[in-house]
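Under this note's numbering, the sequence shown has 181 at position 181, and the numbering climbs by one with no breaks. Note that the Cβ used here is the ideal one computed from N, Cα and C, for glycine as well.
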Amino acid sequence: MKQKVYFKTFGCRTNLYDSQVMMGALKDYDITEDENEADVVVVNSCTVTNGADSHVRSYISQVEKNGGAKIFLTGCGAHTKGEKLLEQGRVSGVFGQSEKLKIDEMLKREEPFYELGDLNYIDEAVVDDFIGKSRAFIKIQEGCDFRCSYCIIPSVRGDARSMPESRILEQITKLAGNGFGEFILTGTNVGSYGQKTDSSIASLMKRISQIRGVRRIRLGSVEPVQMSDEFKEILSEPWLEKHLHIALQHTSPQMLKYMNRRNIYKKDRELFELLAEKGFAIGTDFITGHPGESQELWAEAMRNAKDLPLTHLHAFTYSKRDGTPAATMKPEVSGNIAKERLHELETLVVSKNLEFRKSFSGELDVLVESEKDGLFVGYDQHFNKIIIESDEDLVGNWINITKYDAREDANYARV
Ligand code: SF4
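Set out below in structure tokens:
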């Protein structure tokens, strides 16, 4: 009887993709989605913040308490916390992302092992399914050449490099053939796709849109400086989601300098206004409480944020990461103040999102992803959630909705 493996994935969509690759590479094991029946647990970890590290550690404690399935650690945390967890005997093996295709053999090893592999490898894997998902995450790029003061990612994901275009197109053709219509292009710094291979994110998306069965393309987080003229030319394409996530990280010009960011607030605002004019919902990343964030700079940042047509927010309080330039920067901001500022910003963007949904009068193009307690949950072209009542099973369906109720937490409809 084959042993059962459970994959616990933390962090970003790139990790989601990597877990799918590992699931696809297993031969002598069965995959279970019930961690309680697992003989082996593979923890695909994240290390972007202290919080991410402690989530991984407490999850490993939970598995240990549950009767001790064998635990293997991979993902970005393998590079920062792996050695210690192996020394403590809390995991049976640690491997880097580049080693993931060897998973079948590695899980059989009796001796503990620590193999981080090549930080700058190029992923050649192709997956043909996304277990439990109705949309597919496609890793097109990995690593990052930016050097933001607070960020540990370049040291755990390597330099920016693009996956071979032929493999990406083969990947999507296969998944579209298996019924997937929505594709989310993901990576560490997605917008840098093609920079070293004489291509670009915009030209890749145009090629993907030609593949039969591709209905909607979504994009992971891009940098403002990567929104090229070529990219602006595809903004009206029907296959492009009407939502973009553009990582500002802050809206105070001085803070952007402290954070060693490449974006400039004045240009960011012009870009966001252009996108809003074209009907885009706009999300951003933001860090509050980075060293140097005085009350004056915060007040300036909030004034600027109020002027931006934001609808979605992915924000964190600053998290000191050893080895990053910001870790030694002064003056530091207290955790409580950082949390207060985060809450202030979240409250602002939640109200802007509701305003956007209430003022939109067109048709929602929804992909229904799941069902919970008899209600169906999906996302529209603006990446806004909709909860749908229906007597039919709608999971996996595309539906157009004109009559709906825009409430605080989501849109609601009956079909
Ligand atoms: S762009 Fe900055 S924040 Fe994003 S992964 Fe690169 S270094 Fe980190």
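Between S134 and V395, the CB-CB gap stays under 8 Å. For secondary structure counted as the alpha helix (DSSP H) over 4 or more consecutive residues, the region 203 to 281 holds these complete runs in sequence order: 229 to 232, 253 to 258, 265 to 277.
The beta carbon of P291 sits no closer than 7 Å to any heavy atom of the ligand SF4. In the structure shown, the three-state DSSP call for N353 is helix. According to DSSP, G93 shares a beta bridge with F72, F113. Of the heavy atoms belonging to the ligand SF4, at least one sits nearer than 7 Å to the Cβ of C148. Of the candidates E223, Q141, S209, D409, S209 places its Cα closest to the Cα of E241. At a cut-off of 7 Å, the beta-carbon of C76 does not count as near the ligand SF4: no heavy atom of the ligand is closer than that.
Secondary structure note for H382: it is in no beta strand (DSSP E), with a DSSP letter that is neither H nor E. Annotation for Y6: the continuous beta strand (DSSP E) segment containing it runs 3 to 9. Apart from the 5 residues on each side of it in sequence, I386 sits with its Cβ closer than 8 Å to the Cβ of L364, V366, V377, G378, Y379, D380, I401, Y404, A410, N411, Y412, A413 in its chain, given in chain order. In this structure, S252 lies away from A202, with their beta-carbon atoms at least 8 Å apart. Relative to the ligand SF4, E142 has its C-beta separated by 7 Å or more from all heavy atoms.
Annotation for K372: the continuous beta strand (DSSP E) segment containing it runs 364 to 372. Going by DSSP, L313 is part of the beta strand (DSSP E) stretching over 312 to 317. Assignment of beta-bridge partners to L169 by DSSP yields no partner. In the DSSP assignment, the residues bridged to V377 are S370, I387. Classified as buried, K100 has 16 or more neighbouring CB atoms from the shown chains inside 10 Å of its CB. At least 8 Å separates the beta-carbon of K372 from that of L310. In the DSSP annotation of this structure, the continuous segment of the alpha helix (DSSP H) that includes I60 starts and ends at 50 to 65. Inclusion of I184 and M163 in the CB contact set at 8 Å is not warranted, their separation being larger than that value. Assigned with DSSP and collapsed to three states, K403 falls in coil, not helix or strand.
In this structure, the straight-line span from the alpha carbon of D145 to that of K320 is close to 20 Å.
Less than 8 Å divides the Cβ of H245 from the Cβ of S221. Scanning its chain for C-beta atoms nearer than 6 Å, with the 5 sequence neighbours on each side dropped, one finds around E115 the residues F95, E99, in chain order. Under the three-state reduction of DSSP output, Y17 falls in the helix class.
Segment contact: the region 7 to 26 against the region 43 to 53, three or more CB-CB distances shorter than 8 Å; contact assigned. Residues of the same chain with a CB within less than 6 Å of the CB of G289, apart from the 5 flanking positions on each side, are T317, Y318, V333, A338 in chain order.
Remark: the C-beta of I153 is in contact range of the ligand SF4, defined as less than 7 Å to any heavy atom.
Not one heavy atom of the ligand SF4 falls within 7 Å of the beta-carbon of T173. When C-alpha distances from H79 are compared across A281, S359, G158, the shortest belongs to G158. Per DSSP, N304 is one residue of the alpha helix (DSSP H) stretching across 295 to 306. Residues M255, V333 of the same chain have their beta carbon placed closer than 7 Å to that of E293, with the five preceding and five following residues left out of the count.
The beta carbons of F72 and V91 sit closer together than 8 Å. According to the DSSP assignment, R414 belongs to the beta strand (DSSP E) that extends over 411 to 414. Judged by their CB atoms, I103 and L16 are not nearer to each other than the 8 Å cut-off.
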